[in-house]
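Using the working numbering, you'd call the opening residue of the sequence shown number 314 and step up by one each time. All C-beta atoms, glycine included, are put in the ideal place defined by N, C-alpha and C. These notes are about the structure you will find just below.
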Amino acid sequence: MKVIIGSSQEISQLIADEFIKQIRRKPTSVLGLATGTSPLEVYANLIKANKERVISFKKVTTYNLDEYIGLDGTHNQSYRYFMNASLFDHIDIDKNNTHVLKGVGDYLDYAAHYDEEIARSGGIDLQILGLGSDGHIAFNEPDTPFDSLTHIADLTESTIRDNSRLFKDISEVPTKAVTMGLKSIMNAKKIVLIATGKNKAKAVKDLLEGPISEKAPCSILQKHSDCTIYVDADAYSKVNQK
């Protein structure tokens with residue numbers, strides 16, 4: 314596992330560069346995408362590269378990690394809405410090739426076949442991940458089995474509290490989500506993870522130094538053959554400390 318330390322701006326550009334290299338090398342790339350504030354600057358850099366015709370997304374396929382249960386794609390806090398507003402509406406991608414887990418309707422059936430659909434697409438070439446303050450990746454909360462595929466997750470109080478900043482009131486935050494599992498994520502050929510801020514320092518320490526344990530879902534990434542962790546100094550501040 315490689316670790317790269319830089320400012321938020323620097324690491325966001327470096328991750329965008331990895332996506333640019335991937336798409337230029339393989340125009341039909343299958344990309345795994347994440348939501349939240351961590352990848353926003355990465356997506357802004359990819360939009361810029363697309364506008365400047367450095368890359369095209371016309372043949373790219375994407376799969377998102379998760380979605381809140383109870384929010385449809387038009388809700389401004391749904392992850393489909395987020396992806397459209399933050400990336401898809403601004404690039405030359407065919408939205409039929411963008412896949413976000415459903416939070417309403419036939420979401421259970423859609424989730425049950427999500428891993429199969431990814432496999433049929435050839436598997437994820439490059440996956441971006443954020444990191445929760447409690448060590449969760451996607452919505453795989455502590456004690457999620459390492460062999461989990463796409464499933465329904467109950468969100469912890471910590472995750473609900475962290476995500477409440479994006480809602481008018483904490484009571485509006487969904488308590489369940491549908492998420493790719495840890496095994497689903499580990500199936501990606503290459504993974505990049507971004508974490509910034511002191512609130513992520515404990516999780517980054519667990520990720521890099523802790524025992525591989527379902528108590529810290531991110532620790533499974535130690536077993537991945539091609540995973541790079543991008544952090545700022547604050548997020549890295551507890552590494553190598555007792």
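As assigned by DSSP and simplified to three states, the class of residue i
i: V373; result: coil
i: Q440; result: strand
i: E380; result: strand
i: V343; result: strand
i: I449; result: First, the amino acid is wrong: residue 449 is His here, not Ile. The answer is coil: DSSP assigns H449 none of H, G, I, E or B.
i: D558; result: Shown here, the chain extends from 314 to 555; a query on residue 558 therefore has no answer.
i: A490; result: strand
i: A432; result: helix
Contact check, residue i vs residue j, beta carbons under 8 angstroms
i: K371; j: D407; result: yes
i: N410; j: T374; result: yes
i: D402; j: S446; result: no
i: I324; j: I368; result: no
i: G587; j: L344; result: Only positions 314 to 555 of the chain appear in this structure, which leaves residue 587 out of reach.
i: I450; j: L442; result: yes
i: L586; j: S399; result: Outside the shown range of the chain, which is 314 to 555, sits residue 586, and nothing can be said about it.
Straight-line Cα distance separating residue j from residue i
i: N377; j: A347; result: 6 angstroms
i: L534; j: T463; result: 17 angstroms
i: I473; j: V486; result: 6 angstroms
i: S351; j: E522; result: 22 angstroms
i: R366; j: L414; result: 29 angstroms
i: R478; j: E454; result: 19 angstroms
i: R433; j: Q554; result: 44 angstroms
i: I404; j: I360; result: 6 angstroms
Presumed contact (8 angstroms Cβ cut-off) between residue i and residue j, rounded CB distance
i: D379; j: V491; result: 6 angstroms
i: A508; j: V552; result: Not quite, the Cβ-Cβ distance comes to about 11 angstroms (not below 8 angstroms), so this is no contact.
i: L495; j: F452; result: Rounded, the Cβ-Cβ distance is 11 angstroms, inconsistent with contact.
6 angstroms Cβ shell around residue i - same chain, five flanking residues per side excluded
i: D456; result: E527
i: C540; result: M314, I504, L534
i: K518; result: K551, V552
Own chain residues within Cβ distance below 7 angstroms of residue i, not counting five before or after
i: E331; result: L439, V505
i: N512; result: S446
i: G435; result: V343
Residues near residue i by beta carbon distance below 8 angstroms, same chain, minus five either side
i: K489; result: Y381, I382, G383, I465, A466, D467, L468
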